[in-house]
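Step one of this worksheet: look at the structure below.
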Ligand SMILES: Cc1cc2nc3c(=O)[nH]c(=O)nc-3n(C[C@H](O)[C@H](O)[C@H](O)COP(=O)(O)OP(=O)(O)OC[C@H]3O[C@@H](n4cnc5c(N)ncnc54)[C@H](O)[C@@H]3O)c2cc1C
Ligand SMILES: Cc1cc2nc3c(=O)[nH]c(=O)nc-3n(C[C@H](O)[C@H](O)[C@H](O)COP(=O)(O)OP(=O)(O)OC[C@H]3O[C@@H](n4cnc5c(N)ncnc54)[C@H](O)[C@@H]3O)c2cc1C
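Residue numbers (the numbering used here), protein chains in the order written: chain G, 1 to 381; chain F, 1001 to 1259.
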């Protein structure tokens, strides 16, 4: 990864925008269990943070993937996991397929407004009976003339209570398994659609998570993203973007957490000296810092491969797996070294501990990453 | 309407600065960045030009080593072009010689209005802009918290200790703005890329019709004689409230003669 003055300038700008638009409101949004999606996304869209890698003709910024690395790292520095996740859904989870495979009409109607921050998007894959096993999903779109008639439900959908459209993965034929699925842009104003529940969570509380219901909901077949029947493959590719940005953000979050913990341990005194005078604490932080650095540079290798146009399935899988595991270790250590203060809601580290736990579950659980790895590396019998 | 914004490029305040041992001036070896104070001026200028429905924003900066990094940031925000004065002859310039240089560069851009910050983040004498106006022979208004241009005049709400004064002068004029006059935009990726192609004219002292003897250490009327570290803050006194805390506070306030 070759960092230039342009990258520095962009990083400063992203940090400035997030410091201004997100940081001051985090506590309020965490308490409210939701953030004002349309208001925040409008501000971030105007600042040019959305659609970094997409074609300017579609409302994108025309940057390369190295700028997504910066966006991810800077998002991680925000003092919570919820808002970065909500933003990443808009930038790297719900929109990559539409940008890649969408028709010009579909992109003009849904992608461009999302990139301007006028529309909030969700990615709707997981169902009550299908999470890790995406091929097991049941939501069905049956063709009736020029329309899909959709029935089913989706669960744990980020931004789900306030989304204007969903990138919906549904079954469009009876082939079964991973075949016969399509990605469809589903406007939430469609009759037959409803938000069944808003879910309370362990962490990422500022981000709304919903269960969604579809009863005879009709959308044009023209809303299909890419080819009918290619939805599973397209979604697997979209997952790579999701996993990459998750790993990039984790590095930003862990770096700040170690800095903040060290600062606290310098101030806090016990046994007549700052806690950080204990070599045990120093070395623990040093070792974690080393591991974060390894992930950071692994991320850069992943980004470089992506920039070269290579398939980054293996890179993204490993980065996401290791990010989740390392985040758990870092959060546990930072909390431990804060003592009782760390256990209190009012201390940042308790939120960091709760929020980070998702990384090993969302976007494919650790075990699903290991499953992919086993297949890729031939550890199967 | 054409606006010039004076932008100073300074060592990154995030890194602890150093002074040279002989001249006690700031070491400017590393990369210089846009002084945050000047981001307000750039934003103000962009908004004024926008409101006027035409014209452009030109940046003027004096900095060592042909430094353009801070200028590129301001160009990425939307300024159209820049004039940079960089010359070894400028080493050791004081605020007045800086003002002479800036004034000469500003004249080339023939602006209707010049905007600068009230004071810079590193040198913060807060004296350069008014000297620029004096050299140009133009009126100046400092401490602007609100700026509007109409019919050949600039109207300013000028921050005072008790409130603000409404001041109006005819153009061309110079205005210094405070932080908070407007909210500076952050450059987008597109802005950053566009800035790479925007013209930066680099000039030497002689290009401005100035003599090297008028500027730099040779022309300086100021010399930094010595630099002493500021006195360390003394630890505060902690008053423990044993039911008589208010009496102790009152006694303290009486002692320092505020009541
Ligand atoms: C806060 C939050 C936000 C989310 N946002 C979205 C969203 O916006 N859109 C969306 O579509 N989904 C979203 N999800 C869903 C998320 O992607 C799924 O929860 C995740 O993929 C796991 O699926 P599951 O919950 O059904 O777990 P299950 O599939 O029931 O798996 C449970 C556990 O079993 C283990 N396991 C699973 N498979 C294997 C295996 N093959 N071998 C060994 N062990 C295995 C793992 O430990 C796993 O955690 C979100 C989830 C959360 C918690
Ligand atoms: C001892 C000494 C040595 C110096 N050596 C050098 C040198 O080697 N090379 C060199 O280039 N300069 C040099 N300078 C000039 C110095 O960097 C300042 O530009 C000048 O002294 C103004 O001081 P200030 O920061 O207090 O400005 P202030 O009066 O506090 O600045 C107010 C505003 O005026 C504008 N402004 C001020 N300075 C500049 C500038 N340089 N360019 C554009 N706008 C400006 C900005 O808008 C700024 O916010 C030197 C100054 C001193 C005192």
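A virtual CB, placed ideally from N, CA and C, is assigned to each residue, including glycine. Keep in mind it's a predicted model, so treat the numbers as computed, not measured.
Beta-carbon contacts of residue i that lie in its chain and below 6 Å, excluding the five residues immediately before and after
i, result
"residue 315 of chain G", "302, 305"
"residue 88 of chain G", "245"
"residue 1035 of chain F", "1008, 1010, 1120, 1121"
"residue 124 of chain G", "154, 157, 166, 168"
Nearest neighbour of residue i, chosen from the options [CA to CA]
i, options, result
"residue 1188 of chain F", "G:56, G:377, G:326", "G:56"
"residue 256 of chain G", "G:65, G:163, G:79", "G:79"
"residue 42 of chain G", "G:118, G:280, G:340", "G:118"
"residue 1020 of chain F", "F:1174, F:1227, F:1032, F:1013", "F:1227"
"residue 356 of chain G", "G:328, G:5, G:264, G:381", "G:328"
"residue 1069 of chain F", "F:1255, F:1195, F:1251", "F:1195"
"residue 113 of chain G", "G:206, G:16, G:58", "G:58"
"residue 1136 of chain F", "F:1127, F:1106, F:1154", "F:1106"
"residue 259 of chain G", "G:240, G:286, G:234, G:271", "G:286"
"residue 33 of chain G", "G:230, G:83, G:6", "G:83"
"residue 151 of chain G", "G:134, G:172, G:164", "G:172"
"residue 233 of chain G", "G:319, G:183, G:299, G:195", "G:183"
"residue 335 of chain G", "G:323, G:354, G:318", "G:354"
"residue 176 of chain G", "G:166, G:331, G:140", "G:140"
"residue 241 of chain G", "G:128, G:228, G:282, G:98", "G:98"
"residue 319 of chain G", "G:332, G:307, G:342, G:294", "G:294"
"residue 137 of chain G", "G:7, G:106, G:170, G:68", "G:170"
"residue 126 of chain G", "G:142, G:210, G:200", "G:210"
"residue 51 of chain G", "G:310, G:100, G:18", "G:100"
"residue 45 of chain G", "F:1101, F:1190, F:1065", "F:1190"
"residue 93 of chain G", "G:236, G:299, G:27", "G:236"
Close Cβ partners of residue i (< 7 Å) along its chain, the five nearest in sequence each way excluded
i, result
"residue 1096 of chain F", "1131, 1221"
"residue 1040 of chain F", "1117, 1177, 1179, 1181, 1182, 1184"
"residue 1192 of chain F", "1076"
"residue 1218 of chain F", "1212"
"residue 1172 of chain F", "1111, 1112, 1113, 1138"
"residue 85 of chain G", "158, 204, 207"
"residue 228 of chain G", "172, 182"
Same chain only: Cβ atoms within 8 Å of residue i, ignoring 5 sequence neighbours per side
i, result
"residue 321 of chain G", "366, 369, 370, 373"
"residue 147 of chain G", "218, 219, 220, 221"
"residue 1159 of chain F", "1143, 1144, 1145, 1178"
"residue 1249 of chain F", "1239"
"residue 191 of chain G", "217, 218"
For residue i: DSSP bridge partner residues
i, result
"residue 1201 of chain F", "F:1083"
"residue 1059 of chain F", "F:1005, F:1082"
"residue 184 of chain G", "G:168, G:224"
"residue 1164 of chain F", "F:1159"
"residue 383 of chain G", "Chain G is shown only over 1 to 381; residue 383 of chain G falls outside these bounds and no answer can be derived."
"residue 212 of chain G", "G:154, G:195"
"residue 1146 of chain F", "F:1157"
Buried or exposed by the 16-neighbour rule on C-beta atoms within 10 Å, applied to residue i
i, result
"residue 1143 of chain F", "buried"
"residue 344 of chain G", "exposed"
"residue 70 of chain G", "buried"
"residue 1239 of chain F", "exposed"
"residue 1253 of chain F", "exposed"
"residue 204 of chain G", "buried"
"residue 280 of chain G", "exposed"
"residue 74 of chain G", "buried"
"residue 96 of chain G", "buried"
"residue 1259 of chain F", "exposed"
"residue 1233 of chain F", "exposed"
"residue 10 of chain G", "buried"
"residue 3 of chain G", "exposed"
"residue 1129 of chain F", "buried"
"residue 1062 of chain F", "buried"
"residue 297 of chain G", "exposed"
"residue 948 of chain F", "Nothing about residue 948 of chain F can be reported from this structure: the residues present for chain F run from 1001 to 1259 only."
- chain G contacts from the region 1071-1090 of chain F (Cβ-Cβ distance under 8 Å): Within the region 1071-1090 of chain F, the residues whose Cβ lies closer than 8 Å to some Cβ of chain G are 1072, 1073, 1076, listed in chain order.
- Quick one, which residues of the region 58-72 of chain G are near chain F if we go by CB-CB under 9 Å, in chain order? Within the region 58-72 of chain G, the qualifying residues are 61, 62, 63, 67.
- Taking a Cβ distance cut-off of 7 Å, strictly less, list which residues of the region 1177-1195 of chain F are near chain G, in chain order. Residues 1186, 1187, 1188, 1189, 1190, 1192.
- Contact set between the region 1057-1072 of chain F and chain G, restricted to residues whose Cβ is under 9 Å from the partner: So the close ones are 1069, 1072.
- Proximal residues, the region 42-56 of chain G versus chain F, C-beta separation under 7 Å: Within the region 42-56 of chain G, 47, 48, 52 place their CB atoms closer than 7 Å to a CB of chain F, listed in sequence order.
- Item | Within 7 Å of chain F by C-beta, residues of the region 2-21 of chain G in sequence order | Taking 7 Å as the Cβ-Cβ cut-off against chain F, the residues of the region 2-21 of chain G that qualify are 5, 6, 9, 10, 13, 16, 17.
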